[in-house]
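> Sending over a structure as structure tokens; questions will come in a sec.
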Amino acid sequence: VTFFPAMLTLPAGGSATFFCNISMENDSGSEYSLNWYKKTNHSQAQKIAEISRNNLKTKTEKYLLTNYTPAFKIEILNLHQNDSGSYYCGLITFFEPDKVMESNWSHLVVTAAPEKTNATDEPEMEEGNPPDHVKALLLGILLLAGAVVLLIFGYLTVTYRRGGMFKEEKPPVVSVSTVDYGVLEFQWDQCTQVPPETQPVDQTEYATIIFPEEKPVTPERGKKHQD
1 VTFFPAMLTL PAGGSATFFC NISMENDSGS EYSLNWYKKT NHSQAQKIAE
51 ISRNNLKTKT EKYLLTNYTP AFKIEILNLH QNDSGSYYCG LITFFEPDKV
101 MESNWSHLVV TAAPEKTNAT DEPEMEEGNP PDHVKALLLG ILLLAGAVVL
151 LIFGYLTVTY RRGGMFKEEK PPVVSVSTVD YGVLEFQWDQ CTQVPPETQP
201 VDQTEYATII FPEEKPVTPE RGKKHQD
């Protein structure tokens, strides 16, 4: 009867698997039972599990035994540090119930549970493979950004169209102002036009004065003139 592996070192929270193999000479068709034993701190070995030749599987809260004749597997579930110790299997045949064929011993060491990853390591894991909630958040941001872009585009389109309508309606406004000018001209025509004042024309008349030609004064005429 052999028991292997010879040594196991596992963290708490996992499971340990051992195999017990019996030789074909012992498997001659007679009934037998296979027991597992545990020994800690040089104390007396204690039986922890049992399986018979005709049982294919046996399960308890702590152990799972499976029959793969001529090999048998035992799994120690939900390891704790107090599961550390030495294990072996023993074959008991029904025609010799008082005889136990013991296997070699295997040693199990259960270490403390691994610590959680440091906070500095978590960002690297997220960069390599972002979790689902991060992906959902990014998708929501992209959808929101797309909606904002569509709203801005729609607003600009409506504003541009309204601007074109105002430009098309601008000529009628000019024609209305032309009608106003026409009304002013019509009112101006009705007003009585005051004829310009006629200013008297300055006329200059010229007169020609002819003086009689003077004769030379002779002594006789002078004398006569004095008289």
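Here UniProt numbering is used: the sequence shown runs in plain steps of one and ends on residue 227. The C-beta atom is built at its ideal place from N, Cα and C for all residues, glycine as well.
1) Answer with buried or exposed for isoleucine 76, where buried requires no fewer than 16 other C-beta atoms within 10 angstroms of its C-beta.
2) Return the bridge partner residues of alanine 16 from the DSSP annotation.
3) Using three-state DSSP, classify alanine 45 as helix, strand or coil.
4) Would you call the stretch 85 to 100 and the stretch 29 to 42 touching, i.e. three or more CB-CB distances under 8 Å?
5) Checking the sheet assignment: what are the DSSP bridge partners for isoleucine 92?
6) In whole angstroms, give me the CA-to-CA distance for serine 15 and leucine 138.
7) Could you round the C-beta distance between proline 12 and alanine 113 to whole angstroms and report it? I think they count as a contact, below 8 Å.
8) What distance in whole Å lies between the Cβ atoms of phenylalanine 94 and leucine 34, which are believed to be in contact at a cut-off of 8 Å?
9) The beta strand (DSSP E) spanning serine 106 covers which residue range?
10) Along the beta strand (DSSP E) that carries proline 11, what are the first and last residues, could you check?
11) What are the start and end residues of the beta strand (DSSP E) that includes leucine 65?
12) Let's see if you can read the secondary structure: which residues bound the beta strand (DSSP E) around threonine 2?
13) What's the gap between the Cα of serine 30 and the Cα of threonine 66?
14) Can you give the Cα-Cα distance for asparagine 21 and arginine 53, rounded to whole angstroms?
Reading from the atomic positions:
1) Along the sequence shown, one-based indexing puts residue 76 at 76. Buried, by the Cβ-count rule.
2) Start at 1 with the first residue of the sequence shown, and residue 16 comes out as number 16. In the DSSP output, where bridge partners are listed per residue, alanine 16 has Ile76.
3) What you label residue 45 is simply residue 45 of the sequence shown in a count that begins at 1. Of the three classes helix, strand and coil, the one that applies to alanine 45 here is coil, per DSSP.
4) yes
5) As a working note, residue 92 is residue 92 in the sequence shown. According to DSSP, which records beta bridges pairwise, isoleucine 92 is partnered with Ser33, Val100.
6) On the sequence shown, position 15 is the one that residue 15 refers to. On the sequence shown, position 138 is the one that residue 138 refers to. Computed Cα separation, rounded: 39 Å.
7) Here residue 12 corresponds to residue number 12 of the sequence shown, with the count starting at 1. Here residue 113 corresponds to residue number 113 of the sequence shown, with the count starting at 1. According to the sequence as given, residue 12 is alanine; it is not proline. Their Cβ separation, rounded to whole angstroms, is 4 Å, which keeps alanine 12 and alanine 113 in contact under 8 Å.
8) Within the sequence shown, the letter at position 34 stands for residue 34. Within the sequence shown, the letter at position 94 stands for residue 94. Not really, about 12 Å apart at Cβ, beyond 8 Å.
9) Here residue 106 refers to the residue found at position 106 of the sequence shown. Serine 106 -> beta strand (DSSP E) spans 106 to 111.
10) Translated into positions along the sequence shown, residue 11 becomes position 11. Unbroken beta strand (DSSP E) run through proline 11: 7 to 11.
11) Position 65 of the sequence shown holds residue 65. Looking at the DSSP string, the run of the beta strand (DSSP E) that includes leucine 65 is 63 to 68.
12) Counting from one through the sequence shown, the residue named residue 2 turns up at place 2. Taken as a continuous stretch (DSSP letters only), the beta strand (DSSP E) holding threonine 2 covers 2 to 4.
13) Counting from one through the sequence shown, the residue named residue 30 turns up at place 30. Counting from one through the sequence shown, the residue named residue 66 turns up at place 66. Near 19 Å, if we compare the C-alpha coordinates of threonine 66 and serine 30.
14) Position 21 of the sequence shown, counting from 1, holds the residue named residue 21. Position 53 of the sequence shown, counting from 1, holds the residue named residue 53. Distance between the alpha carbons of asparagine 21 and arginine 53: 13 Å.
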